[in-house]
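This report concerns only the one structure given below.
In the working numbering, the protein residues as written are 14 to 431.
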């Protein structure tokens with residue numbers, strides 16, 4: 014969809030909007046997308062999306078109330094036939110019943126409880142300490158440069174380094190994992206293909222298959238070892254379950270945090286009054302973190318499949334239909350957020366759904382928040398000024414919203430103006 018077509022859709026023709034097409038989220042300005050979501054919420058909050066490109070139709074929910082209700086409803090909706098458009102519209106996910114994100118019921122609870130041992134604040138204490146050290150070190154390397162790409166120099170390394178610390182991935186293997194990750198869920202342009210994503214996914218799975226076998230023989234304190242040596246009802250997880258959950262961790266732990274980090278810096282550039290308020294201590298790191306998460310909403314949607322006929326917003330969703338939950342719109346819902354189109358780092362309360370809601374609430378939410386807090390604190394303490402050095406480039410995806418490139422310059426605290 015071109016920018017002109019996006020404007021035309023906002024003027025009335027919601028049926029012309031293709032939510033499966035990454036171009037819909039790349040060509041329009043953020044303001045145009047906000048207008049589009051507002052029109053959906055106002056005119057058609059429970060929207061039946063037409064079939065497109067040989068794919069079946071599906072439902073799109075855009076109001077906060079409806080999105081949260083479906084997130085909480087594990088009785089009438091399932092994740093086990095996919096949880097994003099890419100798998101839902103293909104009819105299912107090969108990882109269903111094995112990977113936490115696409116497993117429901119008792120098995121979901123058992124796998125989640127096994128993994129939670131590695132995600133408690135106490136267990137993550139050392140990992141969080143390393144987040145702060147890594148963030149400050151990366152910032153110190155770019156201060157007072159005439160310009161650099163924030164996405165490449167800093168944002169790529171904080172979440173990947175963190176999740177690799179959690180999984181005890183050797184340093185030499187981290188860059189290849191990052192490169193594969195970027196190909197799986199998004200691309201820098203429309204030139205990326207489904208085959209590229211498939212090959213990258215297989216590379217990640219093969220890598221973790223080897224690593225899991227090694228950890229079974231020589232376990233450590235990391236989350237892979239917890240999966241490799243853990244048991245559910247007296248039985249160890251299968252190799253496939255271990256590998257698929259490692260895959261889920263590395264994908265989820267990198268992409269969303271990276272997009273939020275880039276969005277935080279872009280937000281300071283586009284809203285200098287918020288940067289000044291933050292630097293002056295008028296708003297704190299905690300509230301700023303929550304607003305960055307709401308404002309960026311990296312995972313635009315998640316999805317479910319209806320198990321029975323369900324009435325939502327006065328419309329009947331038949332059993333078997335795909336239902337997508339648009340976080341991007343829910344986080345802008347006027348009935349929940351006062352002046353939602355205002356970037357307000359002091360916003361409170363801020364009950365965003367960036368990490369989802371209900372039984373499938375993001376396992377890594379605590380860690381994602383700590384990464385953002387470390388970044389914001391380091392920017393406040395070490396950076397005097399943030400300046401643009403060129404246009405930001407958006408990722409090409411119908412799932413992930415954010416930027417793959419952000420040319421900037423940071424002036425260090427204490428540096429003399431040039």
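No residue lacks a Cβ here, since even glycine has one placed at the ideal position from N, Cα and C.
Beta carbon of residue i nearer than 9 angstroms to that of residue j
i, j, result
"residue 320", "residue 332", "yes"
"residue 389", "residue 277", "yes"
"residue 225", "residue 259", "yes"
"residue 50", "residue 91", "no"
"residue 47", "residue 271", "no"
"residue 359", "residue 296", "yes"
"residue 424", "residue 400", "yes"
"residue 181", "residue 267", "no"
"residue 269", "residue 311", "yes"
"residue 341", "residue 195", "no"
"residue 356", "residue 304", "yes"
"residue 300", "residue 363", "yes"
"residue 455", "residue 73", "Because residue 455 is not part of the residues shown, which for the chain are 14 to 431, the question remains open."
"residue 380", "residue 132", "yes"
"residue 318", "residue 336", "yes"
"residue 338", "residue 314", "yes"
"residue 104", "residue 94", "yes"
"residue 30", "residue 370", "no"
"residue 415", "residue 309", "yes"
"residue 316", "residue 71", "yes"
"residue 79", "residue 372", "no"
"residue 101", "residue 32", "no"
"residue 7", "residue 420", "With the chain represented from 14 up to 431, any question about residue 7 goes unanswered, as that position is not in the structure."
"residue 387", "residue 144", "yes"
"residue 27", "residue 68", "no"
Extent of the continuous alpha helix (DSSP H) run through residue i
i, result
"residue 424", "Taken as a continuous stretch (DSSP letters only), residue 424 belongs to no alpha helix (DSSP H), being part of the beta strand (DSSP E) at 420-425."
"residue 78", "77-85"
"residue 301", "298-309"
"residue 230", "207-230"
"residue 278", "252-283"
"residue 119", "118-129"
"residue 238", "236-242"
Per-residue burial, residue i [other beta carbons within 10 Å of its own, 16 or more giving buried]
i, result
"residue 107", "exposed"
"residue 291", "buried"
"residue 17", "Caution is warranted here: a pLDDT of 44 is assigned to residue 17, below 50, making its placement in the model unreliable, and no coordinate value can be reported."
"residue 211", "exposed"
"residue 264", "buried"
"residue 219", "exposed"
"residue 146", "exposed"
"residue 151", "buried"
"residue 240", "buried"
"residue 175", "buried"
"residue 126", "exposed"
"residue 192", "exposed"
"residue 256", "buried"
"residue 412", "buried"
"residue 215", "exposed"
"residue 15", "At residue 15, the pLDDT of 49 sits below 50, so the modelled position is not reliable; the number obtained from the coordinates is stated separately. So residue 15 counts as exposed."
"residue 426", "exposed"
"residue 428", "exposed"
"residue 64", "exposed"
"residue 350", "buried"
For residue i, three-class secondary structure by DSSP
i, result
"residue 181", "coil"
"residue 338", "strand"
"residue 432", "The requested residue 432 is not part of the displayed model; the chain covers only 14 to 431."
"residue 389", "helix"
"residue 165", "helix"
"residue 356", "coil"
"residue 428", "coil"
"residue 249", "strand"
"residue 348", "coil"
"residue 382", "helix"
"residue 190", "helix"
"residue 443", "As shown, the chain starts at 14 and ends at 431. That puts residue 443 outside it, with no answer to give."
Enclosing beta strand (DSSP E) for residue i [first to last residue]
i, result
"residue 325", "323-325"
"residue 400", "396-401"
"residue 318", "314-319"
"residue 148", "Run containing residue 148: none in the beta strand (DSSP E); it sits in the alpha helix (DSSP H), 138-155."
"residue 328", "328-330"
Residue i CB to nearest heavy atom of the ligand NAD below 8 angstroms
i, result
"residue 315", "Within the structure as shown, the ligand NAD is missing, as the structure has no ligands at all."
Any chain D beta carbon closer than 9 angstroms to residue i
i, result
"residue 331", "Looking for chain D here will not work: only one protein chain is present."
Quick check on the DSSP output: what are the complete alpha helix (DSSP H) runs of length 4 or more inside the stretch 41-113, in order along the chain?
43-56, 77-85 and 98-101
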